[in-house]
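Have a look at the structure below, then the notes.
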Amino acid sequence: MTQLIFSYDKGDEVVLNMGPHHPSTHGVLRFILYTDGEIMRRAVPEVGYLHRAIEKIAEGVPYANLMPYVDRVDYVSAMTAEHCWAMAVEKLADVEVPERAEYLRVIASELNRISSHAICVGVMAMDIGAITPFPYLLRDREEINDLLEELCGQRLTYNYIRVGGVSHNLPKGWIGRCVEFLDRFERMMPEFDRLITGNEIFVNRCANICPISAEEAIAHGLVGPNLRASGVDFDLRRDLPYSIYDRLDFDVAVGTGAMGTVGDCWDRFWLRCEEMRQSAQIVRECLKQLPRGEVFAKPKKLRPKGEAWARVESARGDMFCYVVGDGKPEPDRVHFRTGSYNAMQVVEPKSRGVMVADLVALIASLDVIAPEIDR
């Protein structure tokens, strides 16, 4: 897209507030818009409205008891946040996880990825003006919520993955119900593509809008779907595999600019649709390979010393957790690095010269979760 350049002149500039309470921010997040009519000179993100001091709270909570707090790091994809914390502590304390538990972690995480991406693409279409697609994906997300509720008793903040394994084994008949859902979901996706992904109006609203090149994505530290949509072929699950991902066969979707420019809003939308399909395939593979055995390691006192870190491919990309232990029941220091925080860096440079309405498409396509920014 051709960027429009304007000279700075206070006389014709209007400063607008988008948020912190705004329907298109999907969380308490403020953007300060400097506009010339409908054209933006720049949009400046202002974060910090949802800071909950999770990392500081961690210093006073035993390792295993922190898991419910970790759910709140990214409440839309809480299972991957749990996985990241569990892996970091297990590495620090030298805890070996049973094989069956590793499979159950991946099954739960990939179902949660589908659920998270369903919210992203459904809400993005709705923000741009297409109301109908959202209920389609909301229906499928509710089915996933039902499956995860059967698995662990919760529908959003799960507290399912534990240090040493998972909290529950599969309920009777769960595998059959999960396969039935995957069958319905995979039949629905082509219908969803006909309805919105290839819709002429939707394509015109998203193609060539705020493209982010591979060089820009790397320079701004973008991760996950936002990085891959810009043409960078990198996925932690394949390139730096953890858990049992090295035993699974799946494709990594990469943006190609099929409808416009590589890394535009449409590419970011399309890529998440493809990732939902691949996650469904991963769940099927795990269910076929699922071994018998225990789902939780033999309990041990967690008073580790030293430092450790873990990385997982969250729904919003590379999530990093760093933990330091000093021999006490509580960690000495905990730090999370998340994809949404880095995505905020690209908003200001990419908003210059676009229409105010296109800012909504940009924010939605980045799949920013406000609590994940602040923590």
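Heads up: the sequence shown begins at 21 in the working numbering, then just goes up one per residue.
Yeah, the Cβ is synthetic: ideal placement off N, Cα and C, and Gly gets one too.
CA-to-CA, the gap between ALA98 and ARG72 works out to about 16 Å. Between VAL376 and SER334, the alpha-carbon positions lie close to 30 Å from each other. As computed with DSSP, LEU176 is found in no beta bridge at all. Residue pairing for MET60: DSSP places it in a beta bridge opposite THR55. Annotated three-state conformation of ALA335 is coil, per DSSP. Beta bridge pairing from DSSP links TYR342 with TRP329 and HIS355. When the beta-carbon positions are compared, ASP94 and ARG336 come within less than 9 Å of each other.
In the three-state reduction of the DSSP assignment, VAL374 falls in the coil class. If you ignore the 5 residues before and after MET296, its C-beta comes within less than 6 Å of the C-beta of ILE134 and HIS137, all in its own chain and listed in chain order. The Cβ atoms of GLY359 and PRO324 lie no closer than 9 Å to each other. Put simply, of GLY280, ARG50 and GLU33 the residue whose alpha carbon is nearest the alpha carbon of HIS41 is ARG50. DSSP, reduced to helix, strand and coil, places PRO349 outside both helices and strands of the structure shown, so it counts as coil. Put simply, the region 80-89 does not touch the region 141-156. Fewer than three CB pairs are less than 8 Å apart. With a 10 Å radius around the Cβ and a threshold of 16 neighbouring Cβ atoms, GLU163 comes out buried. By the C-beta criterion, the region 177-187 is judged to be in contact with the region 105-113, since at least 3 inter-stretch pairs fall below 8 Å.
Taking all protein chains shown into account, ARG214 has fewer than 16 neighbouring C-beta atoms within 10 Å of its C-beta and is therefore exposed.
PHE289 carries a helical assignment under DSSP once its states are collapsed to helix, strand and coil. In the DSSP assignment, MET38 falls within the beta strand (DSSP E) that extends over 34-38. Per DSSP, GLY313 has no beta-bridge partner at all.
Relative to ASP259, the option among GLY277, LYS320, PRO210 and ASP338 whose CA is nearest is ASP338. Here GLY185 carries a strand assignment [DSSP, helix/strand/coil].
Contact between TYR89 and ILE77 is confirmed by a C-beta separation of about 6 Å, below the 8 Å threshold. Short of 8 Å from the beta carbon of GLU33, and not among the five residues preceding or following it, lie these beta carbons of its own chain, in chain order: TYR54, THR55, ASP56 and ARG61.
Residue nearest to ARG125 within the set SER299, THR100 and ASP203 is THR100 (criterion: CA-CA distance).
Per DSSP, the continuous alpha helix (DSSP H) segment holding THR100 begins and ends at 98-113.
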